[in-house]
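Enquirer: Below is a structure I'd like to ask you about.
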Amino acid sequence: MSNPVMLKSNKYGINLILDSSMDFEELLDCILKRFKDSEGFFKNAKMAVSFEGRKLTQEEEFRIVETITDNTSVNIICILDNDALKEELIRQKIERFEEEQAGRTGEFYKGTLRSGQVLDCETSVIILGDINPGAKVISKGNIVVLGALKGNAYAGANGNEQAFVAALDMDPIQIKIGDIIGRSADKAPLAVKKRGRKQQAAPEPQVAIVKDGNIYIEPITKGLLNSI
212 MSNPVMLKSN
222 KYGINLILDS
232 SMDFEELLDC
242 ILKRFKDSEG
252 FFKNAKMAVS
262 FEGRKLTQEE
272 EFRIVETITD
282 NTSVNIICIL
292 DNDALKEELI
302 RQKIERFEEE
312 QAGRTGEFYK
322 GTLRSGQVLD
332 CETSVIILGD
342 INPGAKVISK
352 GNIVVLGALK
362 GNAYAGANGN
372 EQAFVAALDM
382 DPIQIKIGDI
392 IGRSADKAPL
402 AVKKRGRKQQ
412 AAPEPQVAIV
422 KDGNIYIEPI
432 TKGLLNSI
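Here you go:
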């Protein structure tokens with residue numbers, strides 16, 4: 212290697228890429244010089260280290276750590292072997308993938324849900340059809356029904372009370388948003404509070420949201436959509 216000691220940063224600290232053939236004592240001096248040259252950058256840093264390019268004994272690893280901590284302001288809190296580092300990088304990639312999947316805006320379901328059917332979604336869902344009495348939709352996000360909602364709808368199933376339920380024809384048996392439950396007045400004690408214009412003969416698009424610890428069902432307006 213033209214440079215016997217190379218430093219490569221990662222999320223947890225520094226990976227030392229070391230010359231495989233240099234005498235260890237000489238290499239140790241090179242490591243110390245490299246860290247002293249970088250003192251301004253690493254000053255008072257707390258980090259983990261890993262080693263690459265050279266097979267080290269446990270004693271050699273400890274001597275490297277001791278040399279760095281005794282002669283610089285760097286505090287090395289642990290040593291990661293390459294397998295542990297690779298495992299951690301894989302875990303990070305999996306977590307990023309799951310976060311990206313969770314960030315999906317939603318999915319579509321086409322068809323009518325009949326009594327006894329349950330649709331359980333990890334994301335928001337748009338239903339192109341009706342939800343009949345006895346049917347249930349559960350979503351960790353929002354629920355939009357492009358039809359009649361006459362069954363049960365549970366939005367924000369992960370505890371999110373900022374979620375909403377919208378339908379072209381809103382006449383549910385039960386709506387739950389986060390931990391707040393509301394029921395239609397003619398099927399159970401009044402828990403859903405309807406505000407705005409009086410109920411008309413022809414159905415109108417409405418949305419259910421949580422305000423002040425209650426579920427309110429209101430006509431859908433541009434202003435309301437901008438606020439949720």
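For reference, each letter of the sequence shown is one residue, going 212 to 439 in this note's numbering. Note that the Cβ used here is the ideal one computed from N, Cα and C, for glycine as well. Computed from a prediction, not measured in an experiment: that's the story for all the values here.
#1: Quick check: Asn286 and Lys266, are their CB atoms within less than 7 Å of each other?
#2: With a CB to CB cut of under 7 Å and the five nearest residues on each side skipped, what residues in its chain are close to Lys321?
#3: Is there contact between the stretch 321-330 and the stretch 375-392, where contact requires at least three CB pairs shorter than 8 Å?
#4: Glu415 by DSSP, collapsed to three states: which one?
#5: Given Tyr365, which residues of its chain have a CB within under 6 Å of its CB, disregarding the five upstream and five downstream residues?
#6: Starting from Glu429, follow its DSSP beta bridges and name the residues at the other end.
#7: What's the gap between the Cα of Phe253 and the Cα of Ile225?
#8: Who are the Cβ neighbours of Leu360 in its own chain at under 6 Å, not counting the five residues just before and after it?
#9: Going by the DSSP bridge assignment, what does Ile287 pair with across the sheet?
#10: Where Lys422 and Ile431 are concerned, what is the direct C-alpha to C-alpha distance, given to the nearest angstrom?
#11: On a Cα-Cα basis, can you pick out the residue from Cys289, Asp248, Leu239 and Asn255 that is closest to Ile275?
#12: My guess is that Leu283 and Glu250 are in contact by the Cβ rule of under 8 Å, so how many angstroms apart are they, rounded?
#13: Beta-carbon within less than 6 Å of Thr280's beta-carbon, same chain only, minus the 5 sequence neighbours each way: which residues are those?
#14: Starting from the C-beta of Phe454, find all residues in its chain whose C-beta is less than 6 Å away, skip the five residues before and the five after it, and write them out in chain order.
#15: With DSSP as the reference, label Gln328 as helix, strand or coil.
#16: I'd like the span of the alpha helix (DSSP H) that includes Leu239, first residue to last.
#17: Between the Cα of Val355 and those of Ser232, Asn371, Thr334 and Glu272, spot the shortest distance and give me the residue it belongs to.
#18: Compare the C-alpha of Met217 against each of Glu263, Ala259 and Met233 and name the closest.
Expert: Well, looking at it:
#1: no
#2: Leu339 and Gly340
#3: Because the criterion of three Cβ pairs below 8 Å is not met, the stretch 321-330 and the stretch 375-392 do not touch.
#4: coil
#5: Ile349 and Lys387
#6: Val418
#7: 10 Å
#8: Ile342, Ala378, Met381 and Pro383
#9: Met258
#10: 15 Å
#11: Leu239
#12: Contrary to the premise, residue 283 reads as Thr rather than Leu in this sequence. Here Thr283 really is in contact with Glu250; their C-beta atoms are around 6 Å apart, less than 8 Å.
#13: Close CB contacts of Thr280 within its chain, under the 6 Å cut and outside five residues either way in sequence, are with Ile287 (chain order).
#14: The chain is shown from 212 up to 439; residue 454 falls before or after that span and cannot be answered.
#15: coil
#16: Its alpha helix (DSSP H) spans residues Phe235 to Asp248.
#17: Thr334
#18: Glu263
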